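Working notes, beginning with the structure itself.
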Amino acid sequence: MSAEHNPIRVLLADDHSLLREGIVALLSGDSAIEIVGQAANGEEAVERFIALRPDVTLMDLQMPLMDGHDAMLAMRALDLHARVLVLTTYKGDARIARALGAGAAGYLLKCAIRLNLADAIHRVHAGHRYIPAEVAAEMANYFGSDKLSGRELEVLRLVADGNSNREVGVRLAIKEETVKAHVSAVLSKLGARDRTHATTIALRRGILTL
């Protein structure tokens with residue numbers, strides 16, 4: 001049968017209603033794609049996924065109640081073959097890697113939706129990965145760079161919240177000298193000049209989230 005009789009069934013999950021309306025309008029002219037459901041948060045997205053079993057899920061990363069990353073993990077636990085295309089404003093390499101690690105089949109920036117969304121849906125539905133050049137380039141910029149350890153990430157989060165080395169030490173029950181060593185390692189790995197610069201870099205790359 002033709003694609004007109006078997007459209008790609010799509011679930012759309014994003015907490016911004018205007019964006020959802022825009023995507024519905026954008027895809028309305030493609031008879032090979034049908035929006036079968038919408039969700040405004042991650043929990044709702046998982047519920048809709050269970051009820052509808054869409055061919056492709058369009059997933060925002062930043063949503064209330066449950067974020068897109070955890071929603072993807074839940075969907076993939078239910079169906080290892082679930083195809084999820086991330087739609088986001090964030091292109092930090094750490095965030096991209098985290099999404100792909102959770103099982104995303106594609107990663108599309110929202111600024112490129114108008115030109116590339118339909119093609120991305122078709123490619124993901126066909127079993128391919130969809131990684132635009134600018135997203136791949138962002139990942140390549142930091143390929144092979146040292147990752148922060150779990151402890152270093154804990155220290156960075158507390159530093160980003162404005163805690164002094166002594167306060168970080170108290171919070172983590174470690175010596176202040178140990179905190180200083182971790183901060184030094186974080187600055188080196190991120191190529192940062194100081195604590196504020198490290199926080200800025202970590203937010204831009206998606207290592208830290210607001």
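Its first residue numbered 1, the sequence shown is counted upward by one per residue in UniProt numbering. For every residue, glycine included, the Cβ atom is placed at its ideal position computed from N, Cα and C. Quick caveat: nothing in here was measured; it's all calculated off a predicted structure.
### Ranges of the alpha helix (DSSP H) found wholly within the UniProt domain "HTH luxR-type" (141-206), counting only runs of at least 4
150-160, 165-172, 176-190, 195-205
### Task
Compute the Euclidean distance between the alpha carbons of I23 and V86, then round it to the nearest angstrom.
As a working mapping, residue 23 is identified with position 23 in the sequence shown. As a working mapping, residue 86 is identified with position 86 in the sequence shown. Taking the CA atoms as reference points, I23 sits about 14 Å from V86.
### Query
Around the C-beta of I50, are 16 or more other C-beta atoms found within 10 angstroms, so that it is buried, or is it exposed?
As a position in the sequence shown, residue 50 is number 50, starting the count at 1. Per the 10 Å Cβ criterion, exposed.
### Message
For V179 and A105, I'd like the C-alpha separation in whole angstroms.
### Response
If you number the sequence shown from 1, residue 179 lands on position 179. If you number the sequence shown from 1, residue 105 lands on position 105. Approximately 38 Å between the Cα atoms of the pair.
### Query
Does DSSP put I131 in a helix, a strand or coil?
Reading the sequence shown from its first residue, position 131 is the one you call residue 131. I131: coil per DSSP, three-state reduction.
### Task
Return the chain-ordered list of same chain residues with a C-beta closer than 8 Å to the C-beta of H125, the five sequence neighbours on each side being excluded.
Reading the sequence shown from its first residue, position 125 is the one you call residue 125. Once the five neighbours on either side are set aside, the close Cβ partners of H125 are I8, D55, V56, R83.
#### Entry: Proximal residues to R151 (C-beta, below 7 Å), its chain only, five neighbours per side dropped
Here residue 151 corresponds to residue number 151 of the sequence shown, with the count starting at 1. Closer than 7 Å at the Cβ level, and outside the excluded window around R151, lie H182.
### Message
Less than 9 Å between the beta carbons of L156 and A198, yes or no?
### Response
Within the sequence shown, the letter at position 156 stands for residue 156. Within the sequence shown, the letter at position 198 stands for residue 198. Closer than 9 Å, so yes.
### Task
Select from A140, V10, E43, A120 the residue whose C-alpha is nearest the C-alpha of R53.
Mapped onto the sequence shown, residue 53 falls at position 53. It is V10 whose Cα lies nearest to the Cα of R53.
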